[in-house]
Amino acid sequence: MTIGIYGLGRFGLFWARFFAEHFQVKVFSRTKRETLPPGLIWAEEGEVCGADALFFCVSISSFEEVLKRVRAWVRPPTVVFDTCSVKVLPARFMEAHLSPDVEIIATHPMFGPDSAKTGIGGLPLVYAPVRARDEISAFWSDFFKGAGIKVIRMTPEEHDREAAFTQGITHYMGRVLADLGLKQSDIATLGYRKLLEIIEQTCNDPWQLFLDIQKYNPYTKEMRKRLHESLEKIYRILDQTT
1205 MTIGIYGLGR FGLFWARFFA EHFQVKVFSR TKRETLPPGL IWAEEGEVCG
1255 ADALFFCVSI SSFEEVLKRV RAWVRPPTVV FDTCSVKVLP ARFMEAHLSP
1305 DVEIIATHPM FGPDSAKTGI GGLPLVYAPV RARDEISAFW SDFFKGAGIK
1355 VIRMTPEEHD REAAFTQGIT HYMGRVLADL GLKQSDIATL GYRKLLEIIE
1405 QTCNDPWQLF LDIQKYNPYT KEMRKRLHES LEKIYRILDQ TT
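For the sequence shown, my numbering begins at 1205 and goes up steadily by one.
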């Protein structure tokens, strides 16, 4: 079986290396890398899109345009996956722009190069079959489980509503804490060190990912509103007791 990885940013390269432990992996990116890790094969755009399973590892903001450009190359029996950090819009894009006989599974690996640096065992992957036969859906779900990943089935809507807080607030606070300029300290408590870990895990990702999570998840605006309401509430309590 051949896996196609479209997009070789930090996550795309990480995902390609994971699959190379199990399958032949062909990769494509608009910006060609001079060298590739062992097990990865550079291929042209159309060839990657003809793999048995095609994983798009591109930004949410560019995903629709990418689909429009490659849709002529994507045909059965290729199974198409996205890996975007939001799910409603990417699922909608794939249904709208890919041939109706192409099978589609929306996924969101809730980890990346930093959070999986000690291994992917037990880490969660959201799994949302959009348009796939039961046997195809079961095959890939079983594969991820066999690799030690915790597969969580939910709809794109359920994912985005929950991820607005589980992921959206984490990236938001990571950027806020980074802007505060928090540094290592000899008297740091465990809690403070955990805050620094949040900065490391979120701010190593591209700024575009942060923007996309905040912009394209329909529920993050409400998250930010509630967060700031809570901050104002705490400010008022402090003002009343000082």
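Here a beta-carbon is modelled for each residue, glycine too, at the ideal position from N, C-alpha and C.
What you are looking at is a predicted structure, and each value in this text was computed from that prediction instead of being measured.
Taking a contact as a CB-CB distance under 8 Å, the pair Ile1309 and Phe1347 does not count as one, their CB atoms being some 11 Å apart. Where Gln1228 is concerned, the enclosing beta strand (DSSP E) starts and stops at Gln1228 to Phe1232. Distance from the Cα of Phe1218 is smallest, within the candidate group Met1427, Gly1326 and Ala1320, for Ala1320.
Between Gly1213 and Pro1410, the beta carbon gap of about 7 Å places them in contact (Cβ cut-off 8 Å).
Excluding the 5 residues flanking it on each side, His1363 has same chain C-beta neighbours closer than 6 Å at Lys1291 and Val1330, in chain order. DSSP, reduced to helix, strand and coil, places Glu1339 within a helical segment of the structure shown.
Per the C-alpha coordinates, the member of Val1229, Ser1289 and Pro1313 positioned closest to Gly1352 is Pro1313. Residue range Pro1360 to Ala1367 is occupied by the alpha helix (DSSP H) that includes Ala1367.
About 6 Å separates the beta carbons of Val1278 and Leu1302, which is inside the 8 Å limit, making them a contact pair.
Rounded to whole angstroms, the separation of the alpha carbons of Met1377 and Phe1369 is 11 Å.
With at least 16 other beta carbons inside 10 angstroms of its own, Met1298 counts as buried.
Within its own chain, the residues whose Cβ lies closer than 6 Å to the Cβ of Ala1220, once the five positions on either side in sequence are excluded, are Ile1209, Val1229, Val1231 and Leu1244, listed in chain order.
Here Tyr1331 is bridged, per DSSP, to Thr1311 and Arg1357.
Between the alpha carbons of Glu1225 and Ile1356 lies a distance of about 22 Å. The beta carbon of Leu1271 sits closer than 7 Å to those of Phe1297, Met1298, His1301 and Leu1302, all from its chain and outside the five residues before and after it, given in chain order. Taken through DSSP and simplified to helix, strand or coil, Tyr1423 comes out as coil. Just so you know, the alpha carbons of Thr1359 and Gln1418 end up roughly 19 Å apart. Checking the DSSP bridge columns, you'll see Ala1257 partnered with Ile1207 and Val1283. In terms of CA proximity to Thr1287, Ala1257 leads the group Ala1257, Glu1238, Arg1428 and Gln1405. Leaving aside the five residues that flank Glu1361 on each side, the residues in its chain whose CB is nearer than 7 Å to its CB run, in chain order, Val1292. Look at Ile1417 here: in three-state DSSP terms it is helix. Nearest to Gln1405 by alpha-carbon distance, out of Gln1371, Thr1393 and Pro1422, is Gln1371.
Less than 8 Å divides the Cβ of Asp1416 from the Cβ of Ile1264. Val1283 and Phe1343 have their C-alpha atoms spaced approximately 11 Å apart.
Judged by DSSP in its simplified three-state form, Ile1402 adopts helix.
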